[in-house]
Each structure stands twice: as structure tokens, then as C-alpha cells.
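Each remark here refers to the structure printed beneath this line.
Residue numbers (our numbering): 46 to 306.
If you want it as C-alpha cells, here you go:
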């Protein structure tokens, strides 16, 4: 089997933000396993019973959509969703009182910021800030930026003629998915990523979107937005040794599956 299987796009049956799995072979000490190639770049994976027949093994995936037909519900707090249900006005959001006060201060600090929507080459102009912070290798970053240029929109923040931040998100039918902000940390005091997030949520409400998804995780800033927390799912077909190595409690023992040993 090839190490990489052709990327499967979303189908009409998958919910907003859920993508069918494309596989990548990951080498580990003493062996390998198969994983979702795009798990670090897209919101949620999606698996159905019909996918299992051709599933390469050993296999391990996190970040499956909460409604994925296949998968085990996670018990980890850092694998819960953070979904904002959008009312008909920003003031009706059920956000933390301290955040509401902070947003007023942030708005004032960024009153001189100029916004540019979907600026050409916005990701290329801001990528060094991301790479400096996260040290992602060339292969992984190439895949990230390929997907994000294809699927995302951007909001660039300019202070005078200087670009200081780029907000990145994806729009689907009923929901917006926040992918992050690449920003210049020399301007940390402005809290521009928070300012851009507020502006994008306001626009999502104006556009009649139903949800704004901040992504999986337990970061404190996400919880302040009054989010809906749902357990995502994992799915694993592993040897006992790999399961112990990954500290996976819910999995299918590969030894119990005919022709999968």
C-alpha cells in the first residue's frame, strides 16, 4: 500500500467542518501506524462503517467530529469542542463578563487598525511569525499552507502601512471555523488577535451564520466565549504495545481482526 492515499474531499453527507480521512504512514520506534494526514490542519475527521473495510492498520486518529458514526467519545478535556452558538446580535452572546470588559479595551487599543479582507498573499506575508513560534517542519507547513490557501479566508490587520496580524478562518454553510491568527509579537500589547476574532464573530452574526467554532482544545480564552463543549471522538485499531505507548484506552485490538494482523 502506498504511504499516501488520495485526499478525500467533503461529501454532502458530512456536517460542516468534517472531512473524510486521508491517510499517512507514521514511523515510530519499532514499527509504524497510519493516521489522518490532515488532522493538524482541518477541524474534524469523519469515519463511517463503509470506510472500515479499507482502513489501513495499525490505525489511530483523534479529532473525529462528535457526530461521526464511527469512533469512541473522548474523555479528555483538551479534546472537547468550543462552539459558539450565534444569536442575532453580538450583545446577546453568553460570554464571560471579564471578556466583555476586555473587548471594550481591546477595541479602543485597535481603533487605528485598518482591516483588509482576503488580501492577496496574506498567509505568505505572515508565515514567518507562525514558523518562529511553532517551528513546524517544511513538509508539514507546506501541507498546512496548501490547504489553508484553498479553504480559508483571511483578515489582515494594518497599523499604518505595517501588517501586524492575519486572522485565518473557514466558512461553511452554517458555521465559521477559526484556524488561528499569525501575528507580530512586537505588538503584543494591542491584543490584535482578540480584536480580529471579535470582528469576525460580529460579521458572522451579520451574515446569519449559526455557529462560530473556535476549535478543539482547553485554552482558557476559548472558554470565555460561552462555548458548547462536546466530546470529539477517537478511533484506533492497534496492537496492545502501540495502545500502551499512545496511552489509548479505547481501541480495537488488531489481533482480533481477521487478516489485519
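Quick reminder that beta carbons are idealized off the backbone N, C-alpha and C, glycines included. Model, not experiment: these values are computed from the prediction.
Backbone secondary structure at residue i - three-state DSSP
i: residue 199; result: strand
i: residue 209; result: strand
i: residue 266; result: helix
i: residue 58; result: coil
i: residue 298; result: strand
i: residue 63; result: strand
i: residue 47; result: Confidence in residue 47 is poor, its pLDDT being 31 and thus under 50, which makes the residue's placement too unreliable to answer from.
i: residue 290; result: helix
i: residue 74; result: coil
i: residue 137; result: helix
i: residue 275; result: coil
Same chain, Cβ closer than 6 Å to residue i, neighbours up to 5 away in sequence not counted
i: residue 145; result: none
i: residue 114; result: 93
i: residue 189; result: 86
i: residue 296; result: 281, 283, 288
i: residue 63; result: 89, 91, 110
i: residue 148; result: 243
i: residue 59; result: 91
Sequence-distant residues of the same chain with beta carbon closer than 7 Å to residue i, five excluded per side
i: residue 216; result: 198
i: residue 196; result: 215
i: residue 95; result: none
i: residue 163; result: 198, 199
i: residue 262; result: 123, 127
Nearest-angstrom beta carbon gap, residue j and residue i [assumed within contact, 8 Å]
i: residue 130; j: residue 256; result: 6 Å
i: residue 250; j: residue 134; result: 7 Å
i: residue 118; j: residue 267; result: So it is not a contact: roughly 20 Å between Cβ atoms.
i: residue 171; j: residue 204; result: Actually they do not touch by this definition, with Cβ atoms about 14 Å apart.
i: residue 160; j: residue 221; result: Incorrect: roughly 16 Å between the Cβ atoms, too far for contact.
i: residue 307; j: residue 125; result: Here the chain covers residues 46 to 306 and nothing more, so residue 307 does not appear.
i: residue 61; j: residue 218; result: 6 Å
i: residue 258; j: residue 128; result: 5 Å
i: residue 138; j: residue 271; result: 6 Å
Proximal residues to residue i (C-beta, below 8 Å), its chain only, five neighbours per side dropped
i: residue 143; result: 269
i: residue 84; result: 90, 106, 107, 108
i: residue 71; result: 77, 78, 79, 80
Chain D within 8 Å of residue i, Cβ atoms only
i: residue 78; result: Going by chain labels, chain D is absent from the structure shown, which holds only one protein chain.
Contact between the stretch 102 to 115 and the stretch 282 to 294 is defined here as three or more beta-carbon pairs at a separation below 8 Å; is this criterion met?
The stretch 102 to 115, when compared against the stretch 282 to 294, does touch it at the 8 Å Cβ threshold.
Between the stretch 145 to 155 and the stretch 236 to 244, do three or more beta carbon pairs fall short of 8 Å?
Under the Cβ criterion (8 Å, minimum of three pairs), the stretch 145 to 155 counts as touching the stretch 236 to 244.
Beta strand (DSSP E) runs contained entirely in the stretch 90 to 124, provided each spans 3 or more residues:
Listed in chain order, they are 104 to 109.
In chain order, which continuous runs of the beta strand (DSSP E) of length 3 or greater are located wholly inside the stretch 211 to 268?
Complete beta strand (DSSP E) runs here, min 3: 220 to 228, 256 to 258.
Would you mind listing the alpha helix (DSSP H) stretches within the stretch 145 to 193 that are 4+ residues and don't spill past its ends, in chain order?
The stretch 145 to 193 contains these whole alpha helix (DSSP H) runs: 167 to 179.
Does the stretch 206 to 215 come close enough to the stretch 224 to 231 to have 3 or more Cβ pairs within less than 8 Å?
Three or more Cβ pairs closer than 8 Å define a contact, and the stretch 206 to 215 meets that threshold against the stretch 224 to 231.
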